[in-house]
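Below is one structure; the comments refer to it alone.
Numbering (this note's numbering), first residue to last: 18 to 459.
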């Protein structure tokens, strides 16, 4: 059976393609894509006029919480949330309980993701960098890669010992595995709970200095330059980190980095009401940092946008600010936040928006994703996006178990209205059913 996505704005950054045309899907694969492609009389059709036809989004950085923390999230609920957000691939972080430091646990992730109860999208597991994420003994990275991990990470337990980190990079380089690095000097973080500055002083809360992030970014960039290991800096949040990454790239280090939506949508002033939904690590920074992050997205210093989806159970966040956990649930609003704060403001063009959310993450991790070229992926991975849909995010009406989102009641511009991963896996209530031909059965 053939399905034609007709008349949409096709955005494929892998080919620098920005056209109005038609995409044809047959046997769950993209077979045609272009301006001159026509739907056949027997094709099922979807009228995509006014919509973006984009590669399925790729989230490099999400916490699906399995195994061991199913009160916060499960692979099933997390992948359903991802599909609703336009993602067809989500990379799950290793700081679970126990951490993903063995091939057996990687097999567990792969099996759960393939369950009929899951969201129907791809889950790419990220392996632990050290045993138990204790920052001491480097994992058997070759075995983890053979089991299916696409990268290794110290997320949740940033390695403080530089000698251990250098050994980890040397081993990762030998097996051809990129590292996703949580950059934090925990001695400098101390007991801080928000950005160190005028707002923390006014609120009487312990601050986290920006150098706690920047010192670790600098060290890891220098070690990458020394070892040749490909590293990806998770969630940069300060202008200093941006400049350090820019300099590392200039020197030839194989370094990439990401920013998360909350770090360009909010500042530490949003913590003024002691709202635990704005507590995250690294913390929300200043307006100057936000401006520099947006500039760095525009000039290419920041390579990707990732959710850092960190769901918590409601009872865990119903606590005083300084006792609450760090993290935000954001899979279902990452695209909308990016469109609202980056695309609508002119910081990113539509093509560059999709590049940051899909093509670049796929290329950094070597995934079969991030494009809609005929035969470019094993199955069709497509997001239909309405860039002009106005809506308000409601954290009570989400697939994720975690309701700890700072975007609650925030007016958004733009939304994914349909996600296809081989076949249709999600259709939003905002999708106009009149766009479907009578025969369409995705």
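All residues carry an ideal CB built from backbone N, CA and C; glycine is no exception.
Test item: CB-CB of residue i and residue j under 7 Å
| i | j | result |
| --- | --- | --- |
| residue 47 | residue 391 | yes |
| residue 227 | residue 325 | no |
| residue 141 | residue 105 | no |
| residue 238 | residue 276 | no |
| residue 98 | residue 416 | yes |
Coarse secondary structure for residue i, derived from DSSP in three states
| i | result |
| --- | --- |
| residue 305 | helix |
| residue 246 | coil |
| residue 442 | strand |
| residue 83 | coil |
| residue 108 | strand |
| residue 29 | strand |
| residue 57 | coil |
| residue 142 | strand |
| residue 5 | Any question about residue 5 goes unanswered here, given that the chain covers just 18 to 459. |
| residue 390 | coil |
| residue 254 | coil |
| residue 52 | coil |
| residue 96 | helix |
| residue 211 | strand |
| residue 280 | helix |
| residue 128 | helix |
| residue 436 | strand |
| residue 464 | Residue 464 is absent from the model: the chain starts at 18 and stops at 459. |
Residues near residue i in its chain [Cβ-Cβ closer than 8 Å; skip 5 each side]
| i | result |
| --- | --- |
| residue 179 | 236 and 240 |
| residue 366 | 360 |
| residue 135 | 92, 93, 96, 97 and 129 |
| residue 37 | 24, 25, 26, 27 and 52 |
Candidates the options: closest to residue i by CA position
| i | options | result |
| --- | --- | --- |
| residue 388 | 279, 18 and 35 | 35 |
| residue 72 | 109, 58 and 33 | 33 |
| residue 186 | 165, 201, 245 and 141 | 245 |
| residue 278 | 314, 270, 224 and 171 | 314 |
| residue 65 | 213, 82, 45 and 24 | 24 |
| residue 114 | 190, 125 and 141 | 125 |
| residue 346 | 364, 84, 411 and 160 | 411 |
| residue 299 | 328, 264, 331 and 258 | 258 |
| residue 393 | 362, 21 and 29 | 29 |
| residue 222 | 55, 288, 307 and 160 | 288 |
| residue 219 | 291, 311 and 150 | 291 |
| residue 318 | 243, 379 and 249 | 249 |
| residue 334 | 371, 422, 172 and 135 | 422 |
| residue 146 | 139, 192, 138 and 265 | 192 |
| residue 418 | 330, 340 and 270 | 330 |
| residue 310 | 383, 274, 190 and 437 | 274 |
| residue 177 | 127, 168 and 202 | 202 |
Beta-carbon proximity list for residue i, same chain, < 6 Å, skipping 5 on both sides
| i | result |
| --- | --- |
| residue 373 | 321 and 322 |
| residue 4 | One cannot answer for residue 4 here, as it falls past the ends of the chain, which runs 18 to 459. |
Residues near residue i in its chain [Cβ-Cβ closer than 7 Å; skip 5 each side]
| i | result |
| --- | --- |
| residue 188 | 155 and 158 |
| residue 224 | 209, 211, 212, 213, 214 and 217 |
Three or more C-beta pairs closer than 8 Å, one from the region 75 to 89 and one from the region 42 to 51: is that the case here? no
On the three-pair Cβ rule with 8 Å, is the region 424 to 440 touching the region 116 to 132? no
For the 8 Å Cβ check, are there 3 or more pairs between the region 277 to 295 and the region 352 to 359? yes
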